[in-house]
Every structure is written in structure tokens, then in C-alpha cells.
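In UniProt numbering, the protein residues as written are 1 to 183. Cβ coordinates follow ideal geometry from the N, Cα and C atoms, glycine included. A short write-up of the structure that comes next.
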Amino acid sequence: MKIVGIIGNNASKSHNRLLIEHMANKFGDEVEFEVAEINEIPLFNADYMGQDVPDVVNELADKIEAADGVVISTAEYDHAITAALKSVIEWLSSVRKPFQNKPVMIVGASLGTLGSVRAQDNLRNIFTSPGLYARVFPGAEFLMGQAANKFDETGRMTDEGTDKFLDMLFHQFLDFIKEQQKD
Numbered sequence: 001m002k003i004v005g006i007i008g009n010n011a012s013k014s015h016n017r018l019l020i021e022h023m024a025n026k027f028g029d030e031v032e033f034e035v036a037e038i039n040e041i042p043l044f045n046a047d048y049m050g051q052d053v054p055d056v057v058n059e060l061a062d063k064i065e066a067a068d069g070v071v072i073s074t075a076e077y078d079h080a081i082t083a084a085l086k087s088v089i090e091w092l093s094s095v096r097k098p099f100q101n102k103p104v105m106i107v108g109a110s111l112g113t114l115g116s117v118r119a120q121d122n123l124r125n126i127f128t129s130p131g132l133y134a135r136v137f138p139g140a141e142f143l144m145g146q147a148a149n150k151f152d153e154t155g156r157m158t159d160e161g162t163d164k165f166l167d168m169l170f171h172q173f174l175d176f177i178k179e180q181q182k183d
């Protein structure tokens, strides 16, 4: 099974980057887990629709289309997803629509106690928009609050309870993908 993990911000150092990289390392023996960056994708501009789409947008769309499922780790700024992630979604929904019927798991990490809960809700709502229609993994959410206390200085996750919960949810997501593939 192939999973693409999207780092939902363009910061070179973030807890959401650590979370996706941790997932790639943790689950890489079970699935093919590819980490996808969005930091090179330019701000969406509707003037480019129907013209040459940036190669980095098409490359990300190719990865998503080839995957069985997608994991997006989103930061939260001002109760919403990052501008970088929103821009990427606008590009993808306008030119290729790779999320259509694609199983998506939303996770997130934040320095605060709520663990990107509002951003995750924001992202779930976005994925119901025309042109997206992703199959968002329902049920329990992975909300990593106080993320600075969950990783060591090397980026390794150190909170055993958080890691076990992530393991449980990820395996439920894999089951969800298998169910969606039956449709």
C-alpha cells in the first residue's frame, strides 16, 4: 500500500514536519510512505488556470493520484490551516483534482493544548468542497497538543501514549483505505 504524507506548512522546522517524518519512519516497513513537501509550491493564482501549471503542482498531484491514501499534518494559525496548505489545495482542486475519492487522514501538532483542532475541522470542511470530494477518515482525531514536549532534540517522538494512539489510528486508516478500495 502506498501512502503520501503531506507536511502542511512551508516551515523548515515544524512539529508537523517531525510528525510526518516520524510516521514515515514508524510505518515505512508496513507501507510505502512518501513524504511530500509543499514549500516550493507558489501561491495559487487563478490567472494561471488553463495555462502552464507549475511543475511542482503536477508532481504533487501525480504523487497523490498514485497513492492509496494521503496523510496531511496541519499546523494551526488563527484557527485555520496554513496559507501554504490552502494554496496547495486550491492549485490541486483547480487543475487536477487528485483528492477526488482519495482516502485522507488528517493529523496535526501544535504548541498549544488543543493540537490543531480548529485547523483540522477547517481542513475537513474544505475537503467537502466541489472539486475535492476526498474521503476523509472519520472518527477519532489525532491532535498532538504541546508538541514541543513530545519530541526530543533529534526529532524522535518520546511520548509513548501519543505514539501508541497514533499507531492505532494509522492502522484504522489503513483498514479504512481497504474498505474504500472495495467500492
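- Glutamate 153 sits in coil when the DSSP states are folded into three classes, being neither helix nor strand.
- Look at isoleucine 38 here: in three-state DSSP terms it is coil, with no helix or strand label.
- Taking every protein chain shown into account, the CB of histidine 79 has fewer than 16 other CB atoms within 10 angstroms, so this residue is exposed.
- With a threshold of 16 other beta carbon atoms within 10 Å, glutamate 160 falls short and is exposed.
- As the crow flies, the alpha-carbon of alanine 66 is around 24 Å from that of leucine 166.
- When C-beta atoms of the region 24 to 43 are compared with those of the region 97 to 113, fewer than three pairs fall below 8 Å, so the two segments do not count as touching.
- Put simply, the region 106 to 120 touches the region 141 to 156. At least three CB pairs are less than 8 Å apart.
- Contact annotation: alanine 75 and asparagine 10 have beta-carbon atoms that are not nearer than 7 Å.
- Per DSSP, the beta-bridge partners of isoleucine 6 are Ala36, Ile72.
- Looking only at Met1, Ile64, Phe27, the smallest Cα-Cα distance to arginine 96 is reached by Ile64.
- A distance below 7 Å between beta-carbons, with the five flanking residues on each side excluded, links glycine 112 to the following residues of its chain, in chain order: Gly145.
- As the crow flies, the alpha-carbon of valine 31 is around 10 Å from that of aspartate 68.
- Cβ contact annotation for aspartate 163 (same chain, cutoff 7 Å, sequence separation greater than five): Met157, in chain order.
- Put simply, of Met168, Val71, Ser129, Pro130 the residue whose alpha carbon is nearest the alpha carbon of arginine 17 is Val71.
- The three-state reading of DSSP puts isoleucine 106 in strand, counting E and B together.
- Annotation for methionine 168: the continuous alpha helix (DSSP H) segment containing it runs 160 to 182.
- Residue burial is scored here from C-beta neighbours: glycine 50 has fewer than 16 other C-beta atoms within 10 angstroms and is therefore classed as exposed.
- The beta-carbon distance between leucine 132 and serine 93, rounded to whole angstroms, is 5 Å. This is short enough to meet the 8 Å contact definition.
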